[in-house]
Structures are given as C-alpha cells and as structure tokens.
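First comes the structure, then the notes that go with it.
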Amino acid sequence: MRASTYPLIDADEAAGLVLDRTRVLPAERVTLAESVGRVLAEDVIAEGPLPAFRSSAVDGYAVRASDAGKTLRVLGESAAGRPFAGEIGPGGAARVLTGGVVPDGADSVVMVEDVQVAGDRVTVPASLTQGSNYHKVGADVQAGDRILAAGTQLGAAEIGIAAATGHALVPVHRRPRVALMSTGDELVEVGKTLGRGQIHDSNRWALLAALREAGTEVEVLGIAPDEAGALRTFVTRALVRADVLVTSGGVSVGTHDLVKPLLESLGTVHIGRVKLKPGKPFTYAALDEGKVAFGLPGFPVSSLVTFEVFVRPALRKMQGFAHLQRPRLPVRLGYDAKPTLDRTEYQRVTLRREGRELVAETTGSQSSSRLMSLAGAHALVKVPAGDKGLRAGSIVDAMILSLP
Ligand code: AMP
Ligand code: MG
775 MRASTYPLID
785 ADEAAGLVLD
795 RTRVLPAERV
805 TLAESVGRVL
815 AEDVIAEGPL
825 PAFRSSAVDG
835 YAVRASDAGK
845 TLRVLGESAA
855 GRPFAGEIGP
865 GGAARVLTGG
875 VVPDGADSVV
885 MVEDVQVAGD
895 RVTVPASLTQ
905 GSNYHKVGAD
915 VQAGDRILAA
925 GTQLGAAEIG
935 IAAATGHALV
945 PVHRRPRVAL
955 MSTGDELVEV
965 GKTLGRGQIH
975 DSNRWALLAA
985 LREAGTEVEV
995 LGIAPDEAGA
1005 LRTFVTRALV
1015 RADVLVTSGG
1025 VSVGTHDLVK
1035 PLLESLGTVH
1045 IGRVKLKPGK
1055 PFTYAALDEG
1065 KVAFGLPGFP
1075 VSSLVTFEVF
1085 VRPALRKMQG
1095 FAHLQRPRLP
1105 VRLGYDAKPT
1115 LDRTEYQRVT
1125 LRREGRELVA
1135 ETTGSQSSSR
1145 LMSLAGAHAL
1155 VKVPAGDKGL
1165 RAGSIVDAMI
1175 LSLP
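To convert a position in the sequence shown, counted from 1, into our numbering, add 774.
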C-alpha cells in the first residue's frame, strides 16, 4: 500500500465541484414516443388555437338562442369529424354530436335530453341561453400560447398537449451516453461459475440499473483486468462514443488500483478522495472534449452511494432537469445514528409511517460491502462528521429513494 497524494475534499464541496463543471447537453428533436421522461430544451408554442373550431360538448341540437321555446326544422347532422356544411338560419337546427363542429349561424347547443323530437322537427326549451354546451375556439389554448416551458419534464399530460397542438417532434436535451466498466481480476460475469477467490460482477448490474433510472444511454464494456495496458484500451475505445465514463473498483491505494493513474494520463483528476463514508476513494476527472470520468469505489454500497451523491445529480444536470437532487423529507430517527469522526456518512434506512410522521430505522450493519444495507432501503440519512451523531427521536432531513 502507498499513501494517497490526493487531498481529502469535503463531500458537499466535492458534489458542488462536480456540478459546477457539468454542462447541459445540447438539444435534439425526437418523436413523442422517444420523448417520455425527457426534458424540454425549448418552449413549445401553440401555432393554432385549441379547440380550433366550436366543438360541441354534448349530444344534442345546434340552434339559435333567439329560437328559444320554438319548434325547429332539423336540417342535418354534425358528427365528430363530419361537419354539417350548411348554415343554421332562424327556425333551423342541426343534430350535433359530442366533438362535432357547431355549424355557422348556431349560437347554442341544446342537450338531447332537453328537447322533444317529432320526425324532422325538434322543440327546444324556452330557457335556452346563448353560448351553452359547446367549447369556444381557443378556450383551452390560444394561438401563440406557450403550452410547455423549457425545462419541463415530459410526462403523459405534457406529451398529450404537444400532440393535441400538432407537434410530432419535440426539442429535448440529449441523453448522456455512458460507458460503464467494472475493474478487478477477481470479477466473473454473473451466470458463470466462480473459482476460488472470485466474485460475481454485481456492480455492473447495480450501476446499469442506476444509470438507466437516471435517464442515460448505457454501453456496458464489461470487466477490465487489473492491468494498465488492457484498462487503457478499454477506456480509450469507450470514449470515442461516450460523454461519461463510469468505472467501479481500482480507485483505492492498493498496488492494483490503476484507474486514477490512467485518468491522470487522459485528463485532469479534480477529485481523488472525499470525506465520505462509504466512498472515500471516489474519483472524478475531466477528460478531452468535455467528457468526464467517475471512478467509483469497488465496494458495492460505496459505488451506489457515490453514484447517488455525485453522479446522479450531474447526469440530471446534463439532461436539463431543474431538480437535480432526490427529494428531502423530515423523518424521525428511530435509532441512534453514530457518527464517523472525519467523514460525512450516508446511512441507509427504511421508513415506516407512524401517524403523520415517517420514522427511520437502520438497515443494520453499514459495512460498505454489505449490499443488503441498501437493498430495500427507503432513504439515506446524512450524518455529519464529528463526535455528536444524531440521537434517536430527533427529526432530520432524509434523502428519499422511495416511500413506503
Ligand atoms: P477495489 O475498489 O477494486 O479495491 O474493490 C473493493 C472491493 O469491492 C473488493 O472487495 C472488490 O472485490 C469489490 N468489488 C470491486 N468491483 C466489484 C464489482 N464489480 N462487483 C462486486 N464487487 C466488486
Ligand atoms: Mg479492485
């Protein structure tokens, strides 16, 4: 073992440094099918009004309000998509169906329940008022309205309104292309039999899931051996396409830990160690052409916690998200959270509802190799460095992963 030469940076400071250096990716126009969950890069403007015509809200008869109380002649029908071509004059009416065009000359629609029909005659009530039972032109959206603002994440309703206003393509920020690589001579692909001293490459799958959830396109490079030449070949090949390189393992100070020197040779390592538990060896480097590399520690919990703290917010910023962080909610601690003297600690907890409160319980041993401390966890509780810790019963803000 050799001592690391990298300064130990405060965890929040390191997270801020990563975000400051992160750039939002440019826009691309994608189909509505491809736009789900993406973030708009420009405002979307309505070119025309919605509805574009006077649209009946009910099944009934389009009439003139001045004919209230009279028996009228039915001149035709205006169904949805099949408008009545003529005009309604005094004493005239047209049968109109929901979503049908209210014919010219008519200024009111009477519900079918409120009329009396005899052959081609219809008697309308005396209480008829102008403008009833149809949607006016532009009632929902006026031509020129900004219907969706840049920065909006596209979900069902947003995609619906884009389609309703005729936008087949929408401008969204590009998704980050991420190359994902595991390092370590002990690693074997899941599905293959383990030899003595070997373990399954679980980080690949955990990080692939985390990256997909964060909205990225992932290229999985597989397992790189602990050998400098091979590692370099892996990484340089990946960087042709990728915006972001994510590695796991090989960033601590053992003699086989080759990721930091490799990143040094390819760019500038801005972060080499952080005052964080788990995740002290977290590494961040700026490479050529605005690309970046995140060297995550090998221990499974360390890799996922550093992903949460440093990588996920950066990937969200690249995609134009307004909210980069997980939501935070006050929770009551159900246990004494012991601190680590020199490092901020993110402890994994489950939550349960007690009345209006959320109560946090530890997931047990917080060892960075114990993935069971994170599997099923609802939140991370940040325990400040020092000797105080957080007392059972106190209310703290938790970083919510999911709610019970
Ligand atoms: P390292 O950061 O390479 O020193 O690895 C620290 C610990 O994490 C070692 O016990 C490794 O075996 C383990 N580890 C490294 N990479 C992975 C991986 N991809 N999947 C599961 N465990 C890993
Ligand atoms: Mg290793």
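Where a beta carbon is used, it is the ideal one built from N, C-alpha and C, also for glycine.
It should be emphasised that the depicted structure is a prediction, and the values quoted were computed from it without experimental measurement.
task: Inspect the CB distances between the stretch 811-828 and the stretch 957-969 and report whether three or more fall short of 8 Å.
output: The answer is no - the stretch 957-969 does not touch the stretch 811-828, with fewer than three Cβ pairs under 8 Å.
- prompt: When you compare only the Cα positions, how much space is there between residue 909 and residue 840?
  reply: On the sequence shown, residue 909 is found 135 positions in, with the first residue counted as 1. On the sequence shown, residue 840 is found 66 positions in, with the first residue counted as 1. C-alpha separation (whole angstroms): 20 Å.
Among 1133, 1118, 794, 1108, the one whose alpha carbon lies nearest that of residue 1203: With the chain covering only 775 through 1178, there is no way to say anything about residue 1203.
message: Just verifying my parser: in three-state terms, what is the DSSP assignment at residue 926?
response: If you number the sequence shown from 1, residue 926 lands on position 152. The answer is coil: DSSP assigns residue 926 none of H, G, I, E or B.
field: Anticipated Cβ contact below 8 Å, residue 1122 with residue 1148, distance rounded
entry: For the purposes of this step, residue 1122 is taken as the residue at position 348 of the sequence shown. For the purposes of this step, residue 1148 is taken as the residue at position 374 of the sequence shown. Yes, they are in contact, since the Cβ atoms of residue 1122 and residue 1148 sit about 5 Å apart, within 8 Å.
field: C-alpha gap between residue 1094 and residue 900, whole angstroms
entry: Residue 1094 sits at position 320 when you count from the first residue of the sequence shown. Residue 900 sits at position 126 when you count from the first residue of the sequence shown. Those two C-alpha atoms are separated by around 57 Å.
- request: Helix, strand or coil for residue 1054, going by three-state DSSP, please let me know.
  value: Walking along the sequence shown from the start, residue 1054 turns up at place 280. Coil.
- prompt: CA-CA distance, residue 775 and residue 784?
  reply: Taking the sequence shown and counting its residues from 1, one reaches residue 775 at position 1. Taking the sequence shown and counting its residues from 1, one reaches residue 784 at position 10. Caution applies to residue 775, whose pLDDT of 47 falls short of 50 and renders its modelled position unreliable; the value that the coordinates give is listed next. Whole-angstrom Cα-Cα distance: 24 Å.
task: Note down, in chain order, each residue of its chain lying with its Cβ closer than 6 Å to the Cβ of residue 816, except the 5 sequence neighbours on either side.
output: Walking along the sequence shown from the start, residue 816 turns up at place 42. Around residue 816: 924, 945.
- prompt: Quick one: what does DSSP say residue 1134 is sitting in, helix, strand or coil?
  reply: On the sequence shown, position 360 is the one that residue 1134 refers to. Strand at residue 1134.
Identity of the residue in 1021, 1177, 787 nearest residue 1074 by Cα: The residue given as residue 1074 occupies position 300 in the sequence shown. It is 1021 whose Cα lies nearest to the Cα of residue 1074.
query: Beta carbon of residue 813, beta carbon of residue 926: below 9 Å?
result: For this step, residue 813 is matched to residue 39 along the sequence shown. For this step, residue 926 is matched to residue 152 along the sequence shown. Going by C-beta atoms, residue 813 is nearer than 9 Å to residue 926.
message: Short of 7 Å in beta carbon distance, which residues of its chain neighbour residue 887, apart from the five on each side in sequence? Order them along the chain.
response: Reading the sequence shown from its first residue, position 113 is the one you call residue 887. Same-chain partners within the cutoff: there are none.
query: Considering only residues of the same chain and omitting the five flanking positions on each side of residue 819, which have a CB-CB separation below 8 Å?
result: In the sequence shown, residue 819 corresponds to position 45, counting from 1. In its chain, beyond the 5 residues on either side, 918, 919, 920, 921 have a beta carbon closer than 8 Å to the beta carbon of residue 819.
query: Whole-angstrom Cβ separation of residue 860 and residue 850, contact assumed at under 8 Å?
result: Mapped onto the sequence shown, residue 860 falls at position 86. Mapped onto the sequence shown, residue 850 falls at position 76. Yes, they are in contact, since the Cβ atoms of residue 860 and residue 850 sit about 6 Å apart, within 8 Å.
task: Would you tell me roughly how many angstroms separate the C-alpha atoms of residue 858 and residue 1176, rounded to the nearest one?
output: By one-based count along the sequence shown, residue 858 stands at place 84. By one-based count along the sequence shown, residue 1176 stands at place 402. Spanning the two alpha carbons is a distance of roughly 54 Å.
Neighbourhood of residue 1180 by C-beta distance below 8 Å, restricted to the same chain and skipping five residues each side: Because the chain is modelled from 775 through 1178, residue 1180 falls outside the range shown and cannot be assessed.
- prompt: With C-beta atoms as the reference, is residue 882 less than 9 Å away from residue 905?
  reply: Taking the sequence shown and counting its residues from 1, the one referred to as residue 882 is at position 108. Taking the sequence shown and counting its residues from 1, the one referred to as residue 905 is at position 131. Yes, these two residues count as a Cβ contact at 9 Å.
- prompt: From 903, 884, 907, pick the residue whose C-alpha is nearest to that of residue 897; which is it?
  reply: Reading the sequence shown from its first residue, position 123 is the one you call residue 897. The shortest C-alpha separation from residue 897 is found at 884.
query: How about the stretch 1032-1041 and the stretch 1000-1020: do they share at least three Cβ pairs that are nearer than 8 Å?
result: Yes, they touch.
- prompt: In chain order, what residues of the same chain lie with their CB nearer than 6 Å to the CB of residue 737, ignoring the 5 residues before and after it?
  reply: Given a span of 775 to 1178 for the chain in the structure shown, any question on residue 737 remains unanswerable.
message: Given 8 Å as the limit, tell me if residue 1007 has its C-beta closer than that to any heavy atom belonging to the ligand COA.
response: Questions concerning the ligand COA fall outside what the structure shown contains, since the ligands it does hold are the ligand AMP and the ligand MG.
- prompt: What first and last residue would you give for the beta strand (DSSP E) that runs through residue 945?
  reply: Within the sequence shown, numbered from 1, the residue matching residue 945 stands at position 171. Its beta strand (DSSP E) spans residues 943-947.
task: Under 6 Å Cβ to Cβ from residue 799, same chain only, skipping five residues before and after it: list those, please.
output: The residue given as residue 799 occupies position 25 in the sequence shown. Cβ within range, chain order: 947, 948, 1092.
message: Please classify residue 986 as buried or exposed, where buried requires at least 16 other C-beta atoms within 10 Å of its C-beta.
response: Mapped onto the sequence shown, residue 986 falls at position 212. It counts as exposed.
message: Need the endpoints of the alpha helix (DSSP H) that residue 1146 sits in, please.
response: Taking the sequence shown and counting its residues from 1, the one referred to as residue 1146 is at position 372. Segment: none, residue 1146 is in no alpha helix (DSSP H) and carries neither H nor E.
- prompt: Three-state secondary structure (DSSP) at residue 781?
  reply: Here residue 781 refers to the residue found at position 7 when the sequence shown is read from its first residue. Coil at residue 781, not helix or strand.
- prompt: How far does the beta strand (DSSP E) with residue 957 in it reach, from first residue to last?
  reply: Taking the first residue of the sequence shown as position 1, residue 957 is located at position 183. Taken as a continuous stretch (DSSP letters only), the beta strand (DSSP E) holding residue 957 covers 951-957.
query: What first and last residue would you give for the alpha helix (DSSP H) that runs through residue 987?
result: Taking the first residue of the sequence shown as position 1, residue 987 is located at position 213. Here the alpha helix (DSSP H) through residue 987 covers 976-987.
- prompt: How many Å lie between residue 879 and residue 893 at the Cα?
  reply: Translated into positions along the sequence shown, residue 879 becomes position 105. Translated into positions along the sequence shown, residue 893 becomes position 119. Rounded to whole angstroms, residue 879 to residue 893 spans 22 Å at the Cα level.
message: One question on the structure: do residue 1023 and residue 1070 come within less than 9 Å of each other, judged by their Cβ atoms?
response: As a first step, residue 1023 is located in the sequence shown; it is residue number 249 there, counting from the start. As a first step, residue 1070 is located in the sequence shown; it is residue number 296 there, counting from the start. Yes.
message: If you reduce the DSSP assignment to three classes, tell me which class residue 827 lands in.
response: Counting from 1 along the sequence shown, the entry for residue 827 is found at position 53. Three-state DSSP puts residue 827 in coil, outside helix and strand.
message: I need the boundaries of the alpha helix (DSSP H) containing residue 796, first residue and last residue.
response: As a working mapping, residue 796 is identified with position 22 in the sequence shown. Taken as a continuous stretch (DSSP letters only), residue 796 belongs to no alpha helix (DSSP H), as it is neither H nor E.
message: Shorter than 8 Å, the distance from the beta carbon of residue 996 to the closest heavy atom of the ligand MG, or not?
response: Your numbering for residue 996 matches position 222 in the sequence shown. False, no ligand heavy atom lies under 8 Å from that Cβ.
- prompt: According to DSSP, what are the bridge partners of residue 1068?
  reply: Working through the sequence shown from its first residue, we reach residue 1068 at position 294. For residue 1068, which the question treats as bridged, DSSP gives the partners 1020, 1058.
- prompt: CA-CA distance, residue 832 and residue 939?
  reply: In the sequence shown, the residue the question calls residue 832 occupies position 58. In the sequence shown, the residue the question calls residue 939 occupies position 165. Between residue 832 and residue 939, the alpha-carbon positions lie close to 22 Å from each other.
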